[in-house]
Amino acid sequence: MKDNLSLIVKAWFIFNVIITLAPPIYWYANNLKHHLFGLPPTIFYFLIISLSITSSIVYAYIVEKENGRIE
Amino acid sequence: MLITFGMIFVFFLALVALLQSIKVDDSSFSTYAVGNRSFGANFQAMSFLNTWYPGAMFTAFGGMAAASGVISFYVLSYSLLTVMLMYLMAKTVWIWGKAFDLKTQPDLFALRFNSKHIRTIAAIIGIISGIPWLVLGMQALGEMFKYLSLGALSFSHSVILGVVVIAIRQVWTVRIGMRGVVISDYFQGVVAYIFGTLMLIGLTLWLIYAKEITFSTLDAAKFSLPSIGSKEGPLYLFSLMLTGALGGWCWPYIFVRLFTADGVKSLKKSAALAIPLSMIFGIALLVFGMLGGGLSEVKEHPNEVWFIVSQLAGGPILLGLSGVILLAASMGHIDGNIQATGAQIANDLLGNYFKLDTRQLIIISKLGMLSLTVLSSWLACLELPALFSLAVLAYQGIIQLAVPQFLGIFWRRGNQYAAICSMTIGFIVAVLLELTYPGSISWAYGLTSGAVALVVNLAVYVSLSLLIPLSSQEKARIADLFSVIDRSEKLYKANKSSTLTRYGNEKLTS
Numbered sequence: 000m001k002d003n004l005s006l007i008v009k010a011w012f013i014f015n016v017i018i019t020l021a022p023p024i025y026w027y028a029n030n031l032k033h034h035l036f037g038l039p040p041t042i043f044y045f046l047i048i049s050l051s052i053t054s055s056i057v058y059a060y061i062v063e064k065e066n067g068r069i070e
Numbered sequence: 000m001l002i003t004f005g006m007i008f009v010f011f012l013a014l015v016a017l018l019q020s021i022k023v024d025d026s027s028f029s030t031y032a033v034g035n036r037s038f039g040a041n042f043q044a045m046s047f048l049n050t051w052y053p054g055a056m057f058t059a060f061g062g063m064a065a066a067s068g069v070i071s072f073y074v075l076s077y078s079l080l081t082v083m084l085m086y087l088m089a090k091t092v093w094i095w096g097k098a099f100d101l102k103t104q105p106d107l108f109a110l111r112f113n114s115k116h117i118r119t120i121a122a123i124i125g126i127i128s129g130i131p132w133l134v135l136g137m138q139a140l141g142e143m144f145k146y147l148s149l150g151a152l153s154f155s156h157s158v159i160l161g162v163v164v165i166a167i168r169q170v171w172t173v174r175i176g177m178r179g180v181v182i183s184d185y186f187q188g189v190v191a192y193i194f195g196t197l198m199l200i201g202l203t204l205w206l207i208y209a210k211e212i213t214f215s216t217l218d219a220a221k222f223s224l225p226s227i228g229s230k231e232g233p234l235y236l237f238s239l240m241l242t243g244a245l246g247g248w249c250w251p252y253i254f255v256r257l258f259t260a261d262g263v264k265s266l267k268k269s270a271a272l273a274i275p276l277s278m279i280f281g282i283a284l285l286v287f288g289m290l291g292g293g294l295s296e297v298k299e300h301p302n303e304v305w306f307i308v309s310q311l312a313g314g315p316i317l318l319g320l321s322g323v324i325l326l327a328a329s330m331g332h333i334d335g336n337i338q339a340t341g342a343q344i345a346n347d348l349l350g351n352y353f354k355l356d357t358r359q360l361i362i363i364s365k366l367g368m369l370s371l372t373v374l375s376s377w378l379a380c381l382e383l384p385a386l387f388s389l390a391v392l393a394y395q396g397i398i399q400l401a402v403p404q405f406l407g408i409f410w411r412r413g414n415q416y417a418a419i420c421s422m423t424i425g426f427i428v429a430v431l432l433e434l435t436y437p438g439s440i441s442w443a444y445g446l447t448s449g450a451v452a453l454v455v456n457l458a459v460y461v462s463l464s465l466l467i468p469l470s471s472q473e474k475a476r477i478a479d480l481f482s483v484i485d486r487s488e489k490l491y492k493a494n495k496s497s498t499l500t501r502y503g504n505e506k507l508t509s
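In order, the protein sequences belong to chains R and D.
For the first sequence, position 66 matches number 65 in numbering that gives the first Met the number 0, and the numbering has no gaps at all.
For the second sequence, position 297 matches number 296 in numbering that gives the first Met the number 0, and the numbering has no gaps at all.
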């Protein structure tokens, strides 16, 4: 399948999969004792994942549209 | 009760008025099954959300957030990953759909693997697995009506009322088909996820300022995740998110959304529109649920957190609104399930072995939808203590479609033997493991039965794909299939009927 996603988008999508699914990351978040930006670390972990996935898709669409890759 | 039921009635009337205004178009089975691939991004986005997030989000997941805390956020993570998967699949699935007039998820299996029988297997797995979830969805409305009756109705009467409301709603699903489903999804989605999100934010602010409940006042245990040394196992959360993300697209009523868009651009734009709304709704719901769990009334009945807090904060008016929102969210999932099942009965079961014209396909589809509505309505009124366990079992089974489905889309090597064997073996392994080790499996470090079965499934698929060589004819056919994707999407959009390849409109059979 050739969808010609840019390298940045592909890397960002892979990054999203890693930070969401890699157990050592949520194990680490679970073990942190201090709050991050005023939030419990596990809440912060899920918010960061959510923001990253959301932003990546919006970015991917905007870039593909501007580059004329979506007809 | 007059206020709460009155609000439900007004919402339902508005919905019926909208559905009645939609022109019935039975000119082709494609129109009936996939709305003739005519929907733009806005409709696609809201239809996806309304099908993806059922009413049980407010009860089951709101309740999970209230009772168990931050682990409930896994539903948000996998829901967002699912949209990412949609973005990756969009071009291939839409173009194949348009070029070969695919109307159902099994149609895609049959095309990719050049097998008539795989269509039947995938359809049977999809239809049977969906039934317990349909029944649960109907029963969830019973909980809603019981609460909105302020104690006047018993649970059994409430369930019957909920079933009646949903069954009446299906009259238009049967009459109009997919066009009615998508258009009503838009209306229902605005109510459920836009007004719903605003109400969730408002109630969260009420919890913080009126009840002084914040993250810092909650028990620290609410912020812990299953990790090394935990009861559930260190891989439990990973398992939930992986199977959630992959499994989402295994549901036929979700997958068919990929065929209803008017183009790849609309499909991708719908992902870009749906995902911020999905994120905001998900965060609002789960934060609300967690904070709501700080109320003593909610501690005893966490699954009622949405109703309890609404009533405490705003009396019967907010309680009525909470019911409207939950009803709107529930309907999308239920009518999507029923519509997709009807289409599969016609297209993938009977239509797979008998030559049926458009009229016959539509009639069989309608009869299938009607039968499923009657069956689920009846089951929803029964005491079925094993229903939830059955639903979980069904879920572990249906996610086994993920391996042949995604590898079939993204990898050229797979063949029909690999696909049929892998998903069948995966299904059997999942069912056996779930029956033996319900929940997480301790010897697998917390992996769920579905996740372990996926590993077996994947091993079988890859092994057979590599061991069984493709004939030169099949290699050429698959190369042609993938080369179709590279051609301009405009060619397909210009044609009202699918042609363009040497396969024409014929179903591929082995």
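Positions of the beta carbon are idealized from the N, C-alpha and C atoms, including for glycine.
Check: If we ignore side chains and look at the alpha-carbon of each, how far apart do D:Leu348 and R:Leu6 end up?
Finding: 42 Å
Margin query: Give me the chain D residues within the contact set of R:Ala10, using Cβ-Cβ distance strictly less than 9 Å, ordered along the chain.
Written below: What R:Ala10 touches in chain D: nothing, since even the nearest Cβ is about 13 Å away.
Next item on the list: Return helix, strand or coil for D:Phe144, following the three-state DSSP convention.
Entry: helix
Notebook entry, point to check: Closest by CA to D:Phe47, which one among D:Lys268, D:Ile467, D:Phe426?
Noted result: D:Lys268
Next item on the list: Return the residue from the list D:Ser29, D:Ser155, D:Val164, D:Leu152 that minimises the CA-CA distance to D:Val15.
Entry: D:Val164
Notebook entry, point to check: R:Thr65 CB to nearest chain D CB: under 9 Å?
Noted result: Reading the sequence as shown, one finds Glu at residue 65 of chain R and not Thr. No, because no Cβ of chain D sits closer than 9 Å to the Cβ of R:Glu65.
Check: Is there a Cβ from chain D that is less than 9 Å from the Cβ of R:Ser5?
Finding: no
Checklist line | the stretch 201-226 of chain D: positions lying closer than 7 Å to chain R by Cβ | finding: Phe214, Phe222, Ser223, Leu224, Ser226
Checklist line | Nearest to D:Ser223 (by Cα), restricted to the options D:Leu245, D:Tyr73, D:Val391 | finding: D:Tyr73
Margin query: On the DSSP bridge list, what partners appear for D:Ser265?
Written below: Answer is none; D:Ser265 lacks a bridge partner.
Notebook entry, point to check: Mind checking D:Gln19: buried by the 16 CB within 10 Å criterion, or exposed?
Noted result: exposed
Notebook entry, point to check: Any idea what DSSP makes of D:Ala151, helix, strand or coil?
Noted result: coil
Check: Mapping DSSP to helix, strand and coil, what is D:Ala13?
Finding: helix
Check: Does the distance from the CB of D:Gly313 to the CB of D:Ala65 come in under 9 Å?
Finding: no
Check: At which residues does the alpha helix (DSSP H) containing D:Lys97 begin and terminate?
Finding: 73-98
Check: What do you reckon, are the CB atoms on D:Cys420 and D:Val459 nearer than 9 Å?
Finding: yes
Item checked: Interface flag, R:Met0 vs chain D, CB-CB below 9 Å -> For R:Met0, the predicted structure reports a pLDDT of 42, less than 50, and the residue's modelled location is therefore unreliable. The matter cannot be settled from this model.
Item checked: Short Cβ contact (9 Å threshold) for D:Gly232 with D:Ile440 -> yes
Check: Got a sec: is the Cβ-Cβ distance from D:Val451 to anything in chain R below 9 Å?
Finding: no
Next item on the list: Would you mind sorting D:Arg256 into buried or exposed? The rule is 16 or more other CB atoms within 10 Å of its CB.
Entry: buried
Next item on the list: Pull out every residue of the stretch 34-49 of chain R whose Cβ sits closer than 8 Å to any Cβ of chain D, in chain order.
Entry: Leu38, Pro39, Pro40, Thr41, Ile42, Phe45, Leu46, Ile48, Ser49
Notebook entry, point to check: Are any of the Cβ atoms in chain R nearer than 9 Å to that of D:Gly519?
Noted result: Any property of residue 519 of chain D remains undetermined from this structure, which presents chain D solely from 0 to 509.
Margin query: Count Cβ pairs between the stretch 361-376 of chain D and the stretch 130-144 of chain D that sit closer than 8 Å; are there 3 or more?
Written below: yes
Item checked: Within-9 Å CB hit, D:Phe112 to chain B -> Any reference to chain B falls outside this structure, whose protein chains are R and D.
Next item on the list: Assign D:Thr259 to one of three DSSP states: helix, strand, or coil.
Entry: coil
Check: What residue ranges within the stretch 386-450 of chain D form continuous alpha helix (DSSP H) runs of no fewer than 4 residues, ordered along the chain?
Finding: 386-397, 401-409, 415-435
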